[in-house]
Amino acid sequence: MHNSTLSRLFRVVVLLLLVPTLLFSMATIERHPESELRIVSLSPNVTETIYALGKGDLLVGRSDYCNYPEEALALPSVGTLYSPSLEKLLSLEPTLAISSAFISDQMLASIEQAGVDVLQIDTQESFAGTCDLIRLIGEAVDAEDQAELLILSMQNTVREVQLKAQDGPKPTVYMAFDFGSFDSAATADTFLSEMIALAGGDNVADDALYWTYSKEMLLFHDPEVILLSPRWGDPGEATLKEFSTTKPYSDLHGVVRTFDADIISRQGPRSALALEMLYDLIHQESGK
């Protein structure tokens, strides 16, 4: 089969908010034999998933953001997930590149034209979508059975958290990824909104879309729990101080805590752990 046909078959695009997860879980993927697979992962959750499926030896490269597990750091980086270096990527002689939807169509076309198959995936709105992402990657790396075992374990953890949360209080929650001149939050169309609900919280940003929220609505809701993603390079203390001393955020009355965005915001094998962490952040009794 001609390589361009292979590329078209292999490039599975999961469109954010538009394509139901069932569609990509049923997609037909043309695969190389495992002995021929050389994968460059351009997305952190993809890298985590491949390692979790026991297929880390298939990876020959990663993006700058692929920082877990620790052994991934030994792989050569090809640059950012938005604009990787085509020269660096091709120097690794991959047979497959797996990317998120943040990469440009022009870059994807250049990778394909160089003879490398591309599998493009994107964030889904739900935990079920996370499971389908894992299945898709499992199919690509010939690890379907491992994927199902991983998903089963994650589903069991989710059920345990739901049981803990179902009869308890449901505090109002605001999860912020940025604040100041621009306020980015887990809105109704994000998988994190479902995660907050599964963890027994009531997401105040469920009345908004597209990861953006207004200061006016935040002040109106005055949530009981405010969760902040720390600024780049900050363990959390500086972010907490900045938030609590900056208007209008300083007028809020809820408890403010930081969270590990690398774990909580990545859809992949640590999503069940993320839910446990989120439950603890929402329901812990004391401390800011």
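Every position in the sequence shown, counted from 1, becomes a number in this note's numbering once 835 is added. Where is the CB? At the ideal position from N, CA and C, for every residue including glycine. Please read all numbers here as calculations on a predicted model, not as lab measurements.
By the Cβ neighbour-count rule, Pro1070 is exposed, with fewer than 16 other Cβ atoms within 10 Å of its own.
Of the residues assessed, Lys890 falls on the buried side of the cut-off, its CB having 16 or more other CB atoms within 10 angstroms. Rounded to whole angstroms, Gly914 and Val953 show a C-alpha spacing of 17 angstroms. When DSSP assignments are scanned along the segment 1016-1058, the uninterrupted stretches of alpha helix (DSSP H) that are 4 or more residues long and fall wholly within it turn out to be 1026-1033, 1050-1056.
Look at Pro1083 here: in three-state DSSP terms it is coil, with no helix or strand label.
Rounded to the nearest whole angstrom, the C-alpha separation of Ser920 and Pro1006 is 45 angstroms. When DSSP states are grouped into helix, strand and coil, Gly973 belongs to the helix group.
In this structure, the CA atom of Val951 is about 31 angstroms from the CA atom of Phe1026. Exclusion of the five residues before and after Phe1078 leaves Phe1014, Leu1063, Tyr1084, Val1091 as the residues of its chain whose Cβ lies within less than 7 angstroms of its Cβ.
In the structure shown, Thr915 falls within a coil segment according to DSSP collapsed to helix, strand and coil. With contacts defined as CB atoms closer than 7 angstroms, Pro904 and Tyr886 qualify as a contacting pair.
Between the segment 1028-1043 and the segment 994-1010 there are three or more inter-stretch CB-CB distances shorter than 8 angstroms, so the stretches are counted as touching. Leu893 and Thr1080 have their C-alpha atoms spaced approximately 48 angstroms apart.
Per DSSP, the unbroken alpha helix (DSSP H) holding Ser945 starts and ends at 940-948. Remark: three or more beta-carbon pairs, one from each stretch, lie closer than 8 angstroms, so the segment 875-886 and the segment 917-934 are flagged as touching.
CA-to-CA, the gap between Ser1049 and Ser1016 works out to about 11 angstroms.
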